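Chains as they are written, first to last, in my numbering: chain C, 16 to 253; chain S, -6 to 421. Just so you know, even glycine gets a beta-carbon here, dropped at the ideal spot from N, CA and C. Just so it is clear, the structure is predicted and the values come from calculations on it, not from any experiment.
Set out below in structure tokens:
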């Protein structure tokens, strides 16, 4: 009777996971580029063909920097990316700096139901490599529709929603809450509170690259008194 | 039978007036569609099409599949074809008219004699008195007629019929005038009564789209743009323009885009006729068939782009570009064509507010929900006198940019100019 094989071998099936372990998803994951985060994610990366929800209260805390390595890798491999209903107007030179190829990046500044429709089309087409969508108003049934559209397809699908949505149930198999660091040197606080596997109790701090550059003071002094005085003072305070 | 007596027998009978031009139009439509199956199409008035399919069997992976496609697609267009198959056109025509659409295999055999034996004489295009004469001889099948001596038949039924027999049997050549596909595609459908729902319009346009698809295949071209014109009884016609991101020839894609366009369109009036015109076509690049049954990608990006453009509008489907300009506002543009790949040396924010926001200043420091910490900077960006005063231009500027950290954890891109502090973007 082959079916009654060792129970331990049964446990190696990919669709069975034990409560104390993280499911092994195999190859359809894209590494996040942050080792500390990959250690927490099932399959050691962002899952393809499933929604990943990122919950945050305000844009600009480094949320996209967290996705940046994965998106840049997809873009370098020639995949199309789509940003649906971005929270604010997207600035192309920054994306260039990130190594995304602009000719294969679709930006859709749409609102409301149109945004959901666009995400669904993009996910179910299977033609895109990654989608980032800002859907603050999405309801659980709509999220379910998107999850169904994503299933069995190859794109990475990220949905950005406000922190308050953490209380709602969601069909997304991966949910991550992001909080800004308290001070400029602190990393981004990341809490994986839902995943295929036991939830992570504690949030971790991820040291993401920050837009810091230094200018040596060989640089010509700024003209005019109001410029130099205040800037010099603030810089020395950091 | 008069219509009066017909109604007496069947009170629910619908009577339509026969319009010959509409029939011819419908046949031409179908001939265009048939261009999808074979380049050799012949019209046989009033109600038959002859398709030479011998050379296309390989493309369609065999006869069965080709016939399946022909049957199901023509049924989808609202026709119920009777199909006859034979090695000569006239034999095929006779078999089709006789309704001998089963047993394809027999008909493809070289035994033409056997293929024709079953055809009833009533199905041959004989004149009424000749047909009466043949039936008076007690002959009902073509097989019996073929066993009679030809000379006698020629004397009794005329040489024309004997000639047709010889053509059917492949003894004589059967030259026909090939259907000429129109140079420009523009077709019109008129309804008996004005329609008010887009579903009805969509249903009827399927016929035209099928014809368009056949016409495109015949020309080995793809459609880039077409116009659907809806004619109203009391108002000016409505024009709906459909654009495609890549040349398409598949009826399903054209239809899908049209459906999305129509679903979002509100009819201003009832529609009494519609016309579809192909306004821009492009020759199609050759397409390699898959080897070993590798499935091609299910949907192309271009197809998704088309659908998105139709639904949310051209302007909301953006591909960004960057320009070599030191002024932040000018370095960003919407079209993807003029494009640089060199990026600025200093960090640029992912979010850029279109109009910088004024920041308050407290004790000489900028404030945004609390005092900001300046992380790095300044980066001096100045000058731009060359487009000063032009409409919509950024003009001359003189700014010192800083990266700042806000108390709520946001990373800001702010600048200071003569007037004070401004918030220009957010790093994400």
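C-alpha gap between residue i and residue j, whole angstroms
i                      : j                      : result
residue 188 of chain S : residue 230 of chain S : 14 angstroms
residue 406 of chain S : residue 161 of chain C : 34 angstroms
residue 246 of chain S : residue 157 of chain S : 43 angstroms
residue 155 of chain C : residue 369 of chain S : 42 angstroms
residue 230 of chain C : residue 371 of chain S : Its pLDDT being 48, under 50, residue 230 of chain C is placed unreliably by the model, and the measurement read from it follows with that caveat. Roughly 8 angstroms between the two C-alpha positions.
residue 272 of chain S : residue 222 of chain S : 12 angstroms
residue 412 of chain S : residue 362 of chain S : 20 angstroms
residue 76 of chain S  : residue 88 of chain S  : 8 angstroms
residue 232 of chain C : residue 373 of chain S : At residue 232 of chain C, the pLDDT of 43 sits below 50, so the modelled position is not reliable; the number obtained from the coordinates is stated separately. For residue 232 of chain C and residue 373 of chain S, the distance between alpha carbons rounds to 13 angstroms.
residue 382 of chain S : residue 376 of chain S : 13 angstroms
residue 120 of chain C : residue 40 of chain S  : 52 angstroms
residue 3 of chain S   : residue 192 of chain S : 31 angstroms
residue 8 of chain C   : residue 196 of chain S : Any property of residue 8 of chain C remains undetermined from this structure, which presents chain C solely from 16 to 253.
residue 153 of chain C : residue 344 of chain S : 22 angstroms
residue 417 of chain S : residue 148 of chain C : 23 angstroms
residue 185 of chain C : residue 176 of chain C : 11 angstroms
residue 114 of chain C : residue 356 of chain S : 39 angstroms
residue 44 of chain C  : residue 177 of chain S : 50 angstroms
residue 69 of chain C  : residue 51 of chain C  : 17 angstroms
residue 215 of chain C : residue 47 of chain C  : 17 angstroms
residue 378 of chain S : residue 180 of chain S : 56 angstroms
residue 258 of chain S : residue 219 of chain S : 16 angstroms
residue 249 of chain S : residue 400 of chain S : 50 angstroms
residue 60 of chain S  : residue 133 of chain C : 38 angstroms
residue 173 of chain S : residue 65 of chain S  : 24 angstroms
residue 331 of chain S : residue 111 of chain C : Residue confidence is low: residue 331 of chain S scores 49 on pLDDT, short of 50, so the model does not pin down where it sits. Its coordinate-derived value is still stated next. The alpha-carbon atoms of residue 331 of chain S and residue 111 of chain C are separated by roughly 14 angstroms.
residue 327 of chain S : residue 30 of chain S  : 42 angstroms
residue 144 of chain S : residue 127 of chain S : 15 angstroms
Per DSSP, cross-strand counterpart(s) of residue i
i                      : result
residue 68 of chain C  : C:174, C:190
residue 360 of chain S : S:353, S:364
residue 61 of chain C  : C:45
residue 72 of chain S  : The partner list for residue 72 of chain S (beta bridge, DSSP) is empty, contrary to what the question assumes.
residue -4 of chain S  : For residue -4 of chain S, which the question treats as bridged, DSSP gives no partner whatsoever.
residue 182 of chain S : S:267
residue 274 of chain S : S:216
Reference residue i, options the options, closest by Cα
i                      : options                    : result
residue 314 of chain S : C:99, C:122, C:135, C:170  : C:122
residue 38 of chain S  : S:20, S:30, S:44           : S:20
residue 228 of chain S : S:409, S:320, S:417, S:264 : S:264
residue 94 of chain C  : C:117, C:105, C:73         : C:117
residue 309 of chain S : S:316, S:299, S:318        : S:299
residue 238 of chain S : S:84, S:297, S:130, S:349  : S:297
residue 306 of chain S : S:234, S:346, S:190        : S:234
residue 56 of chain C  : C:223, C:132, C:224, C:205 : C:205
residue 414 of chain S : S:214, S:128, S:349        : S:349
residue 66 of chain C  : C:59, C:200, C:219, C:169  : C:169
residue 186 of chain S : S:9, S:68, S:62, S:232     : S:9
residue 84 of chain S  : S:396, S:166, S:184        : S:166
residue 267 of chain S : S:105, S:226, S:393        : S:226
Limits of the unbroken beta strand (DSSP E) element including residue i
i                      : result
residue 41 of chain S  : 41 to 44
residue 206 of chain C : 203 to 209
residue 106 of chain S : That residue, residue 106 of chain S, is in no beta strand (DSSP E); its alpha helix (DSSP H) goes 105 to 110.
residue 92 of chain C  : Taken as a continuous stretch (DSSP letters only), residue 92 of chain C belongs to no beta strand (DSSP E), as it is neither H nor E.
residue 128 of chain C : Looking at the DSSP string, residue 128 of chain C is not in any beta strand (DSSP E); the run it does join, the alpha helix (DSSP H), is 127 to 140.
residue 53 of chain C  : Run containing residue 53 of chain C: none in the beta strand (DSSP E); it sits in the alpha helix (DSSP H), 50 to 53.
residue 414 of chain S : 413 to 420
residue 3 of chain S   : Premise fails: residue 3 of chain S is in no beta strand (DSSP E) and is neither H nor E.
residue 123 of chain C : 120 to 123
residue 18 of chain S  : Unbroken run through residue 18 of chain S is the alpha helix (DSSP H), 13 to 27; no beta strand (DSSP E).
residue 221 of chain C : 219 to 221
Extent of the continuous alpha helix (DSSP H) to which residue i belongs
i                      : result
residue 198 of chain S : 191 to 212
residue 305 of chain S : 294 to 305
residue 155 of chain S : 152 to 161
residue 139 of chain S : 135 to 139
residue 108 of chain C : 107 to 112
residue 90 of chain S  : 82 to 90
residue 425 of chain S : Here chain S covers residues -6 to 421 and nothing more, so residue 425 of chain S does not appear.
residue 155 of chain C : 155 to 165
Worksheet item: Is it a yes or a no for the region 163 to 179 of chain C touching the region 136 to 148 of chain C, going by three-plus beta-carbon pairs under 8 angstroms?
Response: Counting C-beta pairs closer than 8 angstroms gives three or more between the region 163 to 179 of chain C and the region 136 to 148 of chain C, which meets the contact rule.
Worksheet entry | Cβ contact (3+ pairs, closer than 8 angstroms) linking the region 131 to 148 of chain S and the region -6 to 12 of chain S | Contact fails: fewer than three Cβ-Cβ distances are below 8 angstroms.
Worksheet item: Are at least three pairs of beta-carbons, each pair with one atom in the region 71 to 79 of chain C and one in the region 190 to 200 of chain C, less than 8 angstroms apart?
Response: With a cut-off of 8 angstroms, the region 190 to 200 of chain C and the region 71 to 79 of chain C count as touching, because enough Cβ pairs lie within range.
Discussion item. Does the structure place the region 193 to 202 of chain S close enough to the region 120 to 129 of chain S that three or more beta carbon pairs sit under 8 angstroms?
Written reply: Not touching, per the Cβ criterion.
Worksheet item: How about the region 45 to 57 of chain S and the region 204 to 216 of chain S: do they share at least three Cβ pairs that are nearer than 8 angstroms?
Response: Under the 8 angstroms Cβ criterion, the region 45 to 57 of chain S does not count as touching the region 204 to 216 of chain S, having fewer than three qualifying pairs.
Discussion item. Taking 8 angstroms as the cut-off, does the region 90 to 109 of chain C touch the region 209 to 222 of chain C (at least 3 CB pairs, one atom from each stretch)?
Written reply: Judged by pairs of C-beta atoms under 8 angstroms, the region 209 to 222 of chain C does not touch the region 90 to 109 of chain C, as fewer than three such pairs exist.
Discussion item. Using a Cβ distance threshold of 8 angstroms, determine whether the region 12 to 26 of chain S contacts the region 144 to 157 of chain S, with at least three qualifying pairs required.
Written reply: Contact between the region 12 to 26 of chain S and the region 144 to 157 of chain S is absent, because fewer than three Cβ pairs lie under 8 angstroms.
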